[in-house]
Amino acid sequence: MSKKILIVDDEPNIVMSLEFLMKKEGFEVATATDGEQALAQVAAFSPDLLLLDVMMPKKSGFEVCEALRADPAQGGLLIVMLTAKGRETEVAKGLAIGADAYVTKPFSTKDLVARVRQMLGLA
Amino acid sequence: MKRSGPTRQRLTAVALAALPLLTFPLLGLPQGEWLSFPAGLVYLFGVWGGAIALAAWIAERPGR
Amino acid sequence: MLSGGFVALVTVAYFGLLFGVARWGDARADAGRSIINANVYALSLAVYCTSWTFFGSVGRATSGGLSFLTIYLGPTLMLLCVGVVIKMIRIAKAQRITSIADFIAARYGKSPLLAGLVTVIAVIGVVPYIALQLKAVAASLDILFPDSGTAAGLLGVDSTLLVAAVLALFTILFGTRHLDATERHEGMVAAIAVESVVKLVAFCAVGLFVTYGIHNGFADVFARATAQPTLAGLFAPDAARAGNWAALILLSGLAILLLPRQFQIIVVENVDESHLKRAVWLFPLYLLLINIFVLPLAASGLTDPRLAGHNPDTFVLTLPLAHGAEALVLLAFVGGLSAATGMVIVETIALSTMVCNDLAMPALLRSTWLARRQNADLSGTLIAIRRVAIVLILLLGYIYFRAAGEAYALVGIGLISFAAVAQFAPALFGGMYWKQGTRAGALAGLLAGFVVWAYTLLLPSFARSGWIGNGFVEHGLFGIEWLRAQALFGLSGFDEISHCLWWSLFANLGAYVLVSLISTPDAVEAGQAERFVDVFRHGERAPDARLWRGDASLPEITGLLERFLGPARARQQLAAHARMRGLADWRSLPPDAGFVHFAETELAAAIGSASARALMAGVTREEDLRLEEVLDILDEASQVRAYSRELESKQRALEAATNELRAANERLREVDRMKDDFISTVTHELRTPLTSIRALSEMLYDDPRLELEQRTRFLGVIVSETERLTRLINQVLDMAKLESGRAEWTTGEVDVGQVVNEAMVALEPLFREKKVSLTHAIAADLPSVLADRDRLTQVVVNLLSNAVKFVSGGSGQVRVSVVRDDAVLRVAVADNGPGLTAEECTQVFEKFRQGGNTMTDKPQGTGLGLPISRQIVEYFGGKLWVESAPGAGATFVFTVPLPAPDA
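Chains as they are written, first to last, in the working numbering: chain A, 480 to 602; chain B, 114 to 177; chain C, 8 to 910.
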């Protein structure tokens, strides 16, 4: 049974490229373009891993991450934060609120795929 | 009254203004009769009373 | 006819009233609820108006016309110089000054010699003035009882002596209750204020009766008088007497401060400096009121045949008497009595303090009597001395009155007294404002002035009374022509008062200044000069402790205080001093400079500064500071003051600079933070398209077998993201140029209507593609503006593309209008999009704050369009704003100012 990945970003082009990338790797993929949608999708789609953009309308990636970490039902969910702000403080903040990994945009597709596979125990 | 306050200076200014008005030669100016009173008398009491009224107004103004 | 018994009864009742007022005032003062307010203080100053005013003004007016007014104009002008009066009060309070003699002596190193000299001059000058008051009372009794004669008087005793005795008793009771003279006589001041009211009411009552009862008002009185050629001249200022007029104003102006009783009331009895604010006009008003009826009375008296041959000095009594107004006669008598008693009481208290402290005490200190009574309480003795002095002074006045009688020496004494006390002026005012004035100078000036005064005024008055030969007046001393007493060095054309005033003040001031300049002050003097002249700067601070150096013992000094103040009062003062220094028990006070100064000041309040200093010198082993040391200390003190002032101003400047720096730093930080935010935001905005480009390129690169459709789609995204990147970079650079002012502008005449048209044509495809209608309303004959055509186009394009971006396809409508509005052209771009909240209306103009954040489909903008447009519009002097409400569409408006008509 293939692993499920939820892609959350407000940039349609980035969502499109990530979706293509992950589907090619054989994952089951769902998408969302803002924080609220993301939470709804997590409940409906119950993904194994979340690719989560930080800067988004309605609810930022940090807020989504916090909400999920506060939910015991989502204990096993892996969260990879994606951010265009590469500052140290952002990284630290993301990790502090419970993200499992932190990837700075723009990223290498190979590295991202390798990272995701490794986190899901497929490497 | 504060030291060298404006009130003090204004009162002194009244004195300095009144002094020449109450002495000669200016005192020699009023002649004859004013309103059927001796002019010199009316003038002296007028200037004197005026200076007193001015001093009262300066000294008793509130907010000081 | 008034009966003697009734008049005696009224007199006794009146004195009883004064006693009552005085006792009530003292009781209230003891209870800490002073009845001395500004009005009472101002009225008590009217002790200036003696019987010489009450009876004498009319007399002077009958001979000198308007010149009697100078005696009241001078005080009016002098009081207006409140700065001088306040300085005197401050100094007197700081130094616990008790009299004018004490004031002058304290300034010049607490000199007993100077104090004694001032006292002697004051007594010689003023005792005849007291005699004049007794004479006035006697004269009014003579008029009331023409048959009895003063010698017979009431109850078989000389009535004048009786009056003098009552006055002495009154003065003793209320003038010497406390030893400490700066412990004010509030009861007495209250009684004096009452007397002032009584004499004013009495005089005005007589004036009203004469003016409106006997005659038909002022005009009638003056008409009758001017009808007589001999009287007409009385009502016009006489220019020939210009010099006398000025001299009298100066003389009376000095007298209001320098007469011992005036100094007592104005300075010593002052409770609160702020009372001066009232006195400065209320007292002159009093003087004006009491003088209004003088000329009518004089004119009436002179034209009334019933008063022919009467002394004009008694018109105030004889006018109502001749017309049968007996009640008024009685009132006038009481008024005259008030005027006389008020003067006598205050003058006697002031003089007795001076005589006790400055004549009796120095003698006592030198005598063996004091040494033998080593530990006795002397406060009682001091009070006894003062009481004896009061009796002696009144007795002297009475004797002078009996001796002089009707002689000129008494009649003219008012102004002669004024001229005597005027001699204090150079030493006193010089001492207040000139640090270089010395004791030797003050002594020389006082002596010179006094001698000239005696020679030109006092002795001639004796000669006119026939007591001494008048050769020195007629032919000059030893027959030397230019020594004629009232035409010294040939100076003539003045009356004798002005003549004396100019010569005596010339000699006085000349000697004071000259001797001061060639003598050096000693250490004590220099210290006192500093404390007097700079009293405002020293304020309430403790005096410079370094000005005293030596050994003192607490028991010896407290012993001294107990002896002269009385044990109870001494302990009370000691305890207060200890509390001030934060000590619970006065026995633990250190006998240091501060304590010695305290003790000396306390003693000074009781026995005068000169005697206090002599006493203290006896119990302390004081090291003599050399003058240079004192001057050094004072110099240092003033330098320290100068430094601290400088320091203060520097500190203020520094604080201001610090605040400025802090603000500048704050601004810098803000700018820095903004730049940081900007860079961070720009980075974010750059990374976003880069992410898509990189991801898609990598996938194309990694997978050459990708379907064509997929490849085309990816490449399309890459191209559009690259365009977005380029646009962003261009706009960031543009923004940076605009903000730094390095943008290039080619300003020329621009037809705004045409610019709008061109922009609409350029964007037409975009509108057509999204099916948004674009309409316009451009007013005809618009004037051209001065602007950069390309930049203006950029703004319009920006607004149009914003509009088309936010309206929904199909139903969207955008309308452009250009109108002239006053001195500006107004361009509006209105859409029917979702609209903006009030908050968003300002946010959209911030960098990278894109509108429509809440919309799911993110608009493709850089977030720099509107900020750039605003920069451009503002550069041309216009404004760019948005009018909108959620759901009501948005209208972006900008204005461009029209060129000024004359430009």
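Positions of the beta carbon are idealized from the N, C-alpha and C atoms, including for glycine.
Which one of the options has the shortest CA to CA distance from residue i?
i	options	result
C/Ala247	C/Glu677, C/Asp502, C/Ala845, C/Ala232	C/Asp502
B/Ala131	B/Arg174, B/Thr120, B/Leu167	B/Leu167
A/Glu569	A/Thr588, A/Asp532, A/Ala549	A/Asp532
A/Gln516	A/Val487, A/Phe499, A/Pro526	A/Val487
B/Glu146	C/Pro244, C/Phe13, C/Leu289, C/Ile297	C/Pro244
C/Leu983	C/Phe270, C/His330, C/Pro303	One cannot answer for residue 983 of chain C here, as it falls past the ends of chain C, which runs 8 to 910.
C/Phe774	C/Leu264, C/Ser815, C/Gly72, C/Gln738	C/Ser815
C/Gly342	C/Pro904, C/Phe210, C/Leu296	C/Phe210
C/Ala198	C/Leu843, C/Arg393, C/Leu24	C/Leu24
C/Tyr115	C/Asp592, C/Leu905, C/Lys284, C/Met439	C/Met439
C/Leu265	C/Arg701, C/Leu289, C/Glu705, C/Leu52	C/Leu52
Could you give the residue range of the alpha helix (DSSP H) that holds residue i?
i	result
C/Met195	193-215
A/Gln597	588-598
C/Ile329	Here residue 329 of chain C turns out to be Ala, not Ile, going by the sequence shown. Where C/Ala329 is concerned, the enclosing alpha helix (DSSP H) stretches over 322-329.
C/Gly625	616-626
C/Ala449	446-460
C/Ile525	503-525
C/Ile392	386-411
C/Ile43	No alpha helix (DSSP H) contains C/Ile43, which DSSP labels as neither H nor E.
For residue i, would you say it is in contact with chain B, using Cβ-to-Cβ distances shorter than 8 Å as the test?
i	result
C/Ala253	yes
C/Ala167	Sequence inspection shows Thr at residue 167 of chain C; the Ala mentioned does not correspond to that position. Not closer than 8 Å to any Cβ of chain B, the Cβ of C/Thr167 fails to qualify, so no.
C/Trp509	no
C/Val920	The question about residue 920 of chain C has no answer, for chain C in this structure spans 8 to 910.
C/Thr608	no
Compare the C-beta of residue i against all C-beta atoms of chain C and say whether one is closer than 8 Å.
i	result
A/Glu490	yes
A/Thr451	Outside the shown range of chain A, which is 480 to 602, sits residue 451 of chain A, and nothing can be said about it.
A/Val595	no
A/Ala523	no
B/Leu154	yes
A/Lys584	yes
B/Trp161	yes
B/Pro133	no
B/Pro175	no
A/Lys572	no
B/Pro119	no
A/Ile493	yes
B/Ala172	yes
Per DSSP, what are the beta-bridge partners of residue i in this structure?
i	result
C/Ala15	Looking at the DSSP assignment, C/Ala15 forms no beta bridge with any residue, so it has no partner.
B/Leu147	Residue identity differs from the one stated: residue 147 of chain B is Trp in this sequence, not Leu. Note: B/Trp147 sits in a beta bridge opposite B/Phe150.
C/Gln820	C/Ser780
C/Asp838	C/Val821
A/Lys581	Lys is not the amino acid found at residue 581 of chain A; the sequence shown has Tyr there. A/Tyr581 is bridged to A/Met560.
C/Arg827	C/Leu832
C/Val889	C/Phe899
C/Val792	C/Val757
C/Pro904	C/Val831
C/Lys442	Note: C/Lys442 sits in no beta bridge, so no partner.
Check the C-beta distance from residue i over to residue j and give it rounded, since I have them as a contact under 8 Å.
i	j	result
C/Ser523	C/Gln443	6 Å
C/Gly573	C/Ser386	4 Å
A/Asp527	A/Leu599	6 Å
C/His192	C/Ile78	With 8 Å as the limit, C/His192 and C/Ile78 do not qualify as a contact, their Cβ atoms being about 26 Å apart.
C/Ile299	C/Val353	Their Cβ separation, rounded to whole angstroms, is 25 Å, which puts C/Ile299 and C/Val353 out of contact at 8 Å.
C/Val54	C/Met350	6 Å
Taking the beta strand (DSSP E) that residue i belongs to, which residues open and close that run?
i	result
A/Thr510	507-511
C/Thr754	754-757
For residue i, decide whether its Cβ has a neighbour in chain A, counting only Cβ atoms nearer than 8 Å.
i	result
C/Leu735	no
C/Leu697	yes
C/Ala702	yes
C/Val724	yes
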